[in-house]
Amino acid sequence: MAKHNQYRVIVEQISDDNQAIKALSFEYEDREDLFKTIEAIGDHSEIDKGQAPRLTLALRLLGPMMMAERKHELFKDFIPHFKTFMQNLKSKVKSAKPAS
Numbered sequence: 013m014a015k016h017n018q019y020r021v022i023v024e025q026i027s028d029d030n031q032a033i034k035a036l037s038f039e040y041e042d043r044e045d046l047f048k049t050i051e052a053i054g055d056h057s058e059i060d061k062g063q064a065p066r067l068t069l070a071l072r073l074l075g076p077m078m079m080a081e082r083k084h085e086l087f088k089d090f091i092p093h094f095k096t097f098m099q100n101l102k103s104k105v106k107s108a109k110p111a112s
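Numbers given in this note's numbering equal positions in the sequence shown, counted from 1, plus 12.
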């Protein structure tokens, strides 16, 4: 069995003076190296590098969870669109990377 990467996500709602108001955290595992994926998307997708962490985290949280729940009514209409989006993103990142 492939080794999975372990991650802890911490989200804080902050006040105007940068004080934590509320917080939540959770842990998850992922077969992908989140940091390498953030770098690849930031470097090769034409997405602003500052937005790459948000996009990558959102996709890596939603994608595997949605695939695990693919028979759920909530996802059935969205999955084909998500699949197309992911194929386009992966193609753009792969074609922009220099040959090794």
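Ideal placement from N, C-alpha and C gives every residue a C-beta, glycine not left out.
Computed from a predicted structure; not experimentally measured.
In terms of residue numbering, what span does the beta strand (DSSP E) encompassing L36 cover?
A32 to D42
With a threshold of 16 other CB atoms inside 10 Å of the CB of I22, please say whether the residue is buried or exposed.
Exposed.
Contact check, I53 vs A70 under 8 Å by CB: the rounded distance?
Wrong, their Cβ atoms sit about 11 Å apart, outside the cutoff.
Going by DSSP in three states, R20 sits in which element: helix, strand or coil?
strand
Do D42 and R72 have their CB atoms nearer than 8 Å?
Pairing D42 with R72 gives a Cβ-Cβ distance under 8 Å.
Tell me which same chain residues have a C-beta within less than 8 Å of the C-beta of Y19, skipping the five on either side of it?
So the list reads E39, Y40, E41, D42 and L46, once near-sequence residues are dropped.
Rounded to the nearest angstrom, what separates K49 and R66 at their Cα positions?
Sequence inspection shows Thr at residue 49; the Lys mentioned does not correspond to that position. Spanning the two alpha carbons is a distance of roughly 11 Å.
For I91, which beta-bridge partners are listed by DSSP?
DSSP output for I91 lists no bridge partner at all.
Just to confirm my understanding: we take A108, look at its own chain, exclude 5 residues before and 5 after, and list those with CB closer than 6 Å. What are they?
H56
For T68, is the classification buried or exposed, using 16 other Cβ atoms within 10 angstroms of its Cβ as the cut-off for buried?
With 16 or more other Cβ atoms within 10 Å, it is buried.
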